[in-house]
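See below for the structure under consideration.
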Amino acid sequence: PVPDHKKDEL
Amino acid sequence: MNIFRLFGDLSHLASILILIHKIQTSRSCRGISFKTQALYVAVFVTRYLDLLYAEHVSIYNTFMKLFFIGSSCYILYLMKVRFRPTQDPSIDTFRLEYLLGPSVVLALIFNYTFSFTEVLWAFSIYLEALAILPQLFMLQRTGEAEAITTHYLAALGAYRALYIPNWLYRYFSEGTVDPIAVVAGIVQTGLYVDFFYIYFTKVLRGQKFELPA
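Now the structure itself:
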């Protein structure tokens, strides 16, 4: 599963 | 957002501005690896094209992504067009296949979901971890660097180093871990250890950046 917090990191 | 990530991102931003400043004021891209810069374009484009399809995160996030894509392309323009005669491919000899190949393979094996966008994201993470190698290799070959080039590398390394306390902070405050980013990030930061040693013991004491013979 994709960690949902990862998309906010650059 | 925590202060480690904020200062990490600002350090990343600063490193790019330092590099552009160096190229424009000296009117030369001597000492800068074109291969490393080209790899950063690949990293940013493959990771940040999610602007086109992923849901909106924040204005900060969008601005930074656009800045990193735009500025890295601008640096390639400066190196290949504007100051082309000052760029010397004969000392920029690291083989790109050694970095692209493993990044593709790792991305196909270690990803969060076997989908086009997630494999692309993982590829960009692995490639970013390795992208500095042509630059460090070039530094090793020439054995010395202009002070401003070392400030660029120090800011870039600081950005990576600051992401580590950011992940620790997020682990304790949110209970989240992003194993792909963390492992690649630790490897990436590790590549700077030798550089930082010389930067702190020489450059910050006013001496020239020179590698021991």
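Keeping their order, the protein sequence lines are chains F and U. All residue numbers for the first sequence refer to our numbering, where the first residue is 53 and numbers rise by one. All residue numbers for the second sequence refer to our numbering, where the first residue is 373 and numbers rise by one. Backbone N, C-alpha and C define an ideal beta-carbon position, used for all residues, glycine too. Nothing here was measured: the structure is a model prediction, and the numbers come from that model.
For a contact meaning CB atoms closer than 7 Å, what does residue i contact in chain F?
i: U:E490; result: V54
i: U:A479; result: Here the premise fails: no neighbours, minimum Cβ distance about 14 Å.
i: U:A426; result: K59
Strictly under 8 Å for the Cβ-Cβ distance: is residue i near chain F by that measure?
i: U:Y484; result: yes
i: U:M436; result: yes
i: U:D381; result: yes
Ordered along the chain, which non-local residues of its own chain (more than five positions away) have a Cβ less than 6 Å from that of residue i?
i: U:A386; result: A527
i: U:R513; result: I463
i: U:T522; result: Y571, V575, F581
i: U:K394; result: I520
i: U:P537; result: F376
i: U:L511; result: A517
i: U:S383; result: A527, A530, Y531
i: U:E500; result: V415
i: U:S475; result: F495, Y498, L499
i: U:R388; result: Note that residue 388 of chain U is Ile in the sequence shown here, rather than Arg. Closer than 6 Å at the Cβ level, and outside the excluded window around U:I388, lie S443.
Anything in chain F within Cβ reach of residue i, meaning under 8 Å, just list it in chain order.
i: U:T553; result: Looking at the sequence shown, residue 553 of chain U is not Thr but Ala. K58, E61, listed in chain order.
Which residues in the same chain as residue i place their Cβ atom closer than 7 Å to its Cβ, once the five residues preceding and following it in sequence are excluded?
i: U:K407; result: D464, F466, L468, P506
i: U:A636; result: Coverage of chain U is limited to positions 373 through 585, which leaves residue 636 of chain U absent and any answer about it impossible.
i: U:R419; result: W493, S496
i: U:A553; result: I497
i: U:C445; result: V413
Skipping 5 residues on each side, what residues in its chain have a beta carbon closer than 8 Å to that of residue i?
i: U:T434; result: L423, H428
i: U:I558; result: I536
i: U:Q556; result: It should be noted that the sequence gives Ala, not Gln, for residue 556 of chain U. Closer than 8 Å at the Cβ level, and outside the excluded window around U:A556, lie I497, Y498, E500, A501.
Checking contacts by CB at 8 Å: is residue i closer than that to chain C?
i: U:T573; result: Of the protein chains in the structure, F and U, none is chain C.
_Contact set between the region 404-419 of chain U and chain F, restricted to residues whose Cβ is under 7 Å from the partner_ = none
*asked:* Report the start-end ranges of each beta strand (DSSP E) in the region 432-508 of chain U that is 3 residues or longer and not cut off at the edges.
replied: Taking only runs of at least 3 residues, no beta strand (DSSP E) segment lies wholly in the region 432-508 of chain U.
*Name the residues in the region 429-453 of chain U whose C-beta lies less than 8 Å from a C-beta of chain F; which are they?*
V429, S430, N433, M436, K437, F440
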